[in-house]
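Participant: Take any residue in the sequence shown, note its place counting from 1, add 307, and you have its number in our numbering. Even glycine gets a Cβ: it sits at the ideal position worked out from N, Cα and C.
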Amino acid sequence: LARLRARLVKSNNVFGKSLLALLSSDDIDDDVWDEIEETLLMADLGTEPTTELLDRLRERVRVEGLKDPERVRTMLREELTALVDPSMDRSLNVDVSGRPSVVLVVGVNGVGKTTTVGKMARVLVAEDKDVVLGAADTFRAAAAEQLTTWGSRVGVPTVSSDVEGADPASVAYEAVSAGIEHESDVVMVDTAGRLQNKSNLMDELGKVKRVVEKQSEVDEVLLVLDATTGQNGLNQAKVFAEVVDVTGIVLTKLDGTARGGIVVAIQRELGVPVKLIGLGEGPDDLAPFDADQFVDALLE
Ligand code: GDP
Numbered sequence: 308l309a310r311l312r313a314r315l316v317k318s319n320n321v322f323g324k325s326l327l328a329l330l331s332s333d334d335i336d337d338d339v340w341d342e343i344e345e346t347l348l349m350a351d352l353g354t355e356p357t358t359e360l361l362d363r364l365r366e367r368v369r370v371e372g373l374k375d376p377e378r379v380r381t382m383l384r385e386e387l388t389a390l391v392d393p394s395m396d397r398s399l400n401v402d403v404s405g406r407p408s409v410v411l412v413v414g415v416n417g418v419g420k421t422t423t424v425g426k427m428a429r430v431l432v433a434e435d436k437d438v439v440l441g442a443a444d445t446f447r448a449a450a451a452e453q454l455t456t457w458g459s460r461v462g463v464p465t466v467s468s469d470v471e472g473a474d475p476a477s478v479a480y481e482a483v484s485a486g487i488e489h490e491s492d493v494v495m496v497d498t499a500g501r502l503q504n505k506s507n508l509m510d511e512l513g514k515v516k517r518v519v520e521k522q523s524e525v526d527e528v529l530l531v532l533d534a535t536t537g538q539n540g541l542n543q544a545k546v547f548a549e550v551v552d553v554t555g556i557v558l559t560k561l562d563g564t565a566r567g568g569i570v571v572a573i574q575r576e577l578g579v580p581v582k583l584i585g586l587g588e589g590p591d592d593l594a595p596f597d598a599d600q601f602v603d604a605l606l607e
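(1) Have a look at R517, V528, V571 and flag the residue whose alpha-carbon is nearest the alpha-carbon of G537.
(2) Just mark T354 as buried or exposed, buried being the case when its beta carbon has 16 or more other beta carbons within 10 Å.
(3) Short check: CB of L530 to CB of V413, under 8 Å?
(4) Tell me the DSSP secondary structure of S484 in three-state form.
(5) For ligand 1, is there any heavy atom lying closer than 7 Å to the beta carbon of G417?
(6) With a threshold of 7 Å (Cβ to nearest heavy atom), would R501 be considered close to ligand 1?
(7) With a threshold of 8 Å on Cβ separation, who are the neighbours of G462 within its own chain once the five nearest residues in sequence on each side are excluded?
(8) Anyone know if the C-beta pair for L399 and E481 falls short of 8 Å?
(9) Please list the terminal residues of the continuous alpha helix (DSSP H) segment that includes V461.
(10) What do you reckon, are the CB atoms on K514 and A476 nearer than 8 Å?
(11) Per DSSP, which residues does T465 bridge with? Please list them.
(12) Quick check on N320: does DSSP put it in helix, strand or coil?
(13) Would you say the beta carbon of L411 comes nearer than 7 Å to a heavy atom of ligand 1?
(14) For the stretch 581-600 against the stretch 550-564, do three or more pairs of beta-carbon atoms, one drawn from each stretch, fall closer than 8 Å, so that the two count as touching?
(15) Please give the ranges of any beta strand (DSSP E) in the stretch 360-406, keeping only runs that are unbroken, at least 3 residues long and fully inside the region.
(16) Expressed to the nearest angstrom, what Euclidean distance is found between the alpha-carbon atoms of V557 and E371?
(17) In angstroms with no decimal places, state the Cα-to-Cα distance between D469 and P407.
(18) Taking the Cβ atom as the reference point for each residue, do S331 and P376 lie within a distance shorter than 8 Å?
(19) With a threshold of 8 Å on Cβ separation, who are the neighbours of K582 within its own chain once the five nearest residues in sequence on each side are excluded?
(20) If we count Cβ pairs, one from each stretch, closer than 8 Å, do we get three or more for the stretch 385-393 versus the stretch 492-512?
(21) If you drop the 5 nearest sequence neighbours on each side, which residues of the same chain put their C-beta closer than 8 Å to that of S523?
(22) Tell me whether E511, by its Cβ, gets closer than 7 Å to a heavy atom of ligand 1.
(23) What's the C-alpha gap between V418 and E490?
(24) Between which two residues does the alpha helix (DSSP H) holding I335 run?
(25) Confirm the yes/no value for this check: CB of K514, any heavy atom of ligand 1, distance under 7 Å.
(26) Suppose you measure from the CA of V424 to the CA of V339; what does that come to, to the nearest Å?
(27) Does the beta-carbon of T381 have 16 or more other beta-carbons within 10 angstroms, so that it is buried, or is it exposed?
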């Protein structure tokens, strides 16, 4: 946990500005407010949430006639926490009573879907769950191989097709069939994300979901987003949310960016919680999203 925290702190602090340090003097003048604003914007918090937060904070400081920097820092923490919304349910819904529970993982190419499936499988295996992986990203030639490698790494079978460009829905179907046959707890399906054409994406993902639902329950549709892509990632997220009912977000590559504030923008825009975060390329670099911890990292 300390390691993850250190990485988050590091990643969010690329600009070297500590929000808490900014609030260390008795006199919070306009320059200080401007610096806070700039820091929040640089972290990709978004203009609207940043303005809202600053308005609220300034008003509270004014009303309470505050001079105590410690108290102002506490208020900043409270306001940021409210924006991240700790009340959202971030637990993963893998209901193994209706075995197998199916998790669809969607997102555009390169965001870290396959890696996320591998890391998640490792977590599930550690919880003593039987897992099957389905390589329904038949678009990218190396994707099936990459997923199979992850499968052997974490000790779970991977269902894939030898035929390049095979129908993703049929691979998903086979994966769930294998899960039913093996009485597995969870089937994780890695899908392809071609965003060039929304109706194609809709057809493809819709078909995968329908086919799978004929066999078992789809408990989670996780949308994977790359935190380093900022506003672009947000636009992608909107397209996916129109195509499938996204139940949770996995925000990857938070280890390489100062843009962690995008969490706020995504949750606001989609009304869907960030459930997991990716903090590196290794098998253990996945963590549940924790609002308080996240705010701490943003502040320091
Ligand atoms: P996909 O096309 O969406 O399946 O993406 P991949 O899983 O192949 O990942 C694309 C690249 O991003 C790979 O080089 C991964 O190792 C890397 N990657 C995935 N997640 C993370 C993460 O959380 N942090 C970092 N630094 N790299 C990641």
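Facilitator: Checking against the coordinates, here is how it stands:
(1) G537 has its Cα closest to that of V571, out of R517, V528, V571.
(2) exposed
(3) yes
(4) Residue state, collapsed to three classes: helix.
(5) yes
(6) no
(7) V432
(8) no
(9) Start and end: 450-461.
(10) yes
(11) L440
(12) Residue confidence for N320 is low, a pLDDT of 49 falling below 50, so the modelled location carries little weight and cannot support an answer.
(13) no
(14) yes
(15) none
(16) 39 Å
(17) Distance between the alpha carbons of D469 and P407 is about 24 Å.
(18) Contact: yes.
(19) R397, S398, L399, L529, G555, I556, V557, P595, F596
(20) no
(21) G405, R406, P407, S408, V409, V483, G486, I487, V494
(22) Answer for E511: no, Cβ out of range of ligand 1.
(23) The straight-line gap from Cα to Cα measures roughly 31 Å.
(24) Premise fails: I335 is in no alpha helix (DSSP H) and is neither H nor E.
(25) Not so, every heavy atom of ligand 1 lies at least 7 Å from the Cβ.
(26) 43 Å
(27) With fewer than 16 Cβ atoms within 10 Å of its Cβ, T381 is classed as exposed.
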